[in-house]
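K.L.:
My questions will all concern the structure given below.
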Amino acid sequence: MSKHLERDLDDLQKNIMGLASLVEQAFSLSIIALRDRNPDIARDVIQGDVQIDMEENQINEDCLKILALHQPVAGDLRRCTAAMMIITDLERMGDLAEEISERAIQLCTPPFFPIPEGLQRMADMTTIMVRQSLDAFVNLDVKQALMVVRMDDEVDRYNNQIIQEIIKLMTESSLNIQHGLSMFSAVRHIERIADHATNIAEDVIYLVEGEIVRHRV
Numbered sequence: 032m033s034k035h036l037e038r039d040l041d042d043l044q045k046n047i048m049g050l051a052s053l054v055e056q057a058f059s060l061s062i063i064a065l066r067d068r069n070p071d072i073a074r075d076v077i078q079g080d081v082q083i084d085m086e087e088n089q090i091n092e093d094c095l096k097i098l099a100l101h102q103p104v105a106g107d108l109r110r111c112t113a114a115m116m117i118i119t120d121l122e123r124m125g126d127l128a129e130e131i132s133e134r135a136i137q138l139c140t141p142p143f144f145p146i147p148e149g150l151q152r153m154a155d156m157t158t159i160m161v162r163q164s165l166d167a168f169v170n171l172d173v174k175q176a177l178m179v180v181r182m183d184d185e186v187d188r189y190n191n192q193i194i195q196e197i198i199k200l201m202t203e204s205s206l207n208i209q210h211g212l213s214m215f216s217a218v219r220h221i222e223r224i225a226d227h228a229t230n231i232a233e234d235v236i237y238l239v240e241g242e243i244v245r246h247r248v
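In this text, residue positions in the sequence shown follow this note's numbering: the first is 32, and each later residue adds one.
Shown next as structure tokens:
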């Protein structure tokens, strides 16, 4: 690997982690907005998504420049390919955090819908998945990536339990239907963020082992 290529790949990784930090913050704030019924925090997340989109576009351009200028092969080529897949997942996580915040604003008006039991635990586990998938990327750690993939099943279990709780509340009173649908949507968005963390973990496996495992692990 040439020194120029090594430098550009190192810069690429740093920029990806910078984007990841923005996404993690957006998700964390979206959960706070949802849990605390705080429309101001929710609006901050929505406004901040523009920056996430701009960062994703810039990193994608950087990847294309590396491919054009250096024409990497083998492992270096996989690093670029994996990077492009990872930033797509990160950008989508940012979009989902924005959508959670939009649901949070809807839930700020009465009649107030109860915060489902287990929602915070589901969000916390999703945050762990996101962080560990990115740690696996930085450290090229297949073992850690596989742990993230397995954690997705537990998030799915939380999702199913919470959805059943929401449905029960909606059937008990017609006043709960509108806000129940908003909460249902927010919970599904959290579950989708966990799915994107799983995608990143699977990209790490591809990066290290050269095998595409999305949808097969």
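Think of the CB as a built atom: it goes at the ideal place given N, C-alpha and C, for glycine as much as any other residue.
Report, in whole angstroms, the separation of the C-beta atoms of M201 and I208, which I expect to be a contact under 8 Å.
P.N.:
Counting from 1 along the sequence shown, the entry for residue 201 is found at position 170. Counting from 1 along the sequence shown, the entry for residue 208 is found at position 177. Contact holds; Cβ gap of about 5 Å.
K.L.:
Are the beta-carbon atoms belonging to I221 and T157 less than 7 Å from one another?
P.N.:
Residue 221 sits at position 190 when you count from the first residue of the sequence shown. Residue 157 sits at position 126 when you count from the first residue of the sequence shown. Yes. Within cutoff.
K.L.:
In three-state terms, what does DSSP make of L127?
P.N.:
As a first step, residue 127 must be located in the sequence shown, where it is residue number 96. Of the three classes helix, strand and coil, the one that applies to L127 here is helix, per DSSP.
K.L.:
Let me check understanding here. Comparing Cα to Cα, which of A217, I197, R162 and Y189 lies closest to S52?
P.N.:
In the sequence shown, the residue the question calls residue 52 occupies position 21. When only C-alpha atoms are compared, the closest one is R162.
K.L.:
Where does I47 fall in DSSP's three states?
P.N.:
As a first step, residue 47 must be located in the sequence shown, where it is residue number 16. It is helical.
K.L.:
Express the C-alpha separation of D234 and Q56 in angstroms, rounding to a whole number.
P.N.:
The residue you call residue 56 lines up with position 25 of the sequence shown. The residue you call residue 234 lines up with position 203 of the sequence shown. If you take the alpha carbons of Q56 and D234, they lie about 22 Å apart.
K.L.:
Rounded to whole angstroms, how far is the Cβ of D166 from the Cβ of D226, which I believe are closer than 8 Å?
P.N.:
Translated into the one-based positions of the sequence shown, residue 166 becomes position 135. Translated into the one-based positions of the sequence shown, residue 226 becomes position 195. About 18 Å separates the two Cβ atoms, so there is no contact after all.
K.L.:
When you compare each of P103, P147, G125 and S164 to D80 by their alpha carbons, which one comes out closest?
P.N.:
As a first step, residue 80 must be located in the sequence shown, where it is residue number 49. Residue G125 is the option with its Cα nearest to D80.
K.L.:
With distances taken Cα to Cα, identify the nearest neighbour of F143 among S205, N230, Y237 and L60.
P.N.:
Residue 143 sits at position 112 when you count from the first residue of the sequence shown. Closest option to F143, Cα to Cα, is S205.
K.L.:
Regarding D67 and the ligand SAM, is the C-beta to nearest heavy atom distance less than 6 Å?
P.N.:
Here there are no bound small molecules, and the ligand SAM is not part of this structure.
K.L.:
Quick check: the Cα distance between S33 and I118, rounded to an integer number of angstroms?
P.N.:
In the sequence shown, counting from the first residue as 1, residue 33 sits at position 2. In the sequence shown, counting from the first residue as 1, residue 118 sits at position 87. So the alpha carbons of these two residues sit roughly 24 Å apart.
K.L.:
Could you tell me whether the stretch 63-77 touches the stretch 130-138, using the rule of 3 or more Cβ pairs below 8 Å?
P.N.:
Yes: the two stretches touch, three or more of their Cβ pairs being nearer than 8 Å.
K.L.:
Could you confirm whether any beta carbon from chain B is found closer than 7 Å to the beta carbon of Q151?
P.N.:
In the structure shown, chain B cannot be found, because there is only a single protein chain.
K.L.:
Excluding the 5 residues flanking I197 on each side, which residues of the same chain have their C-beta closer than 8 Å to its C-beta?
P.N.:
Residue 197 sits at position 166 when you count from the first residue of the sequence shown. Excluding positions up to five away in sequence, the list reads P147, G211, M214, F215 and V218.
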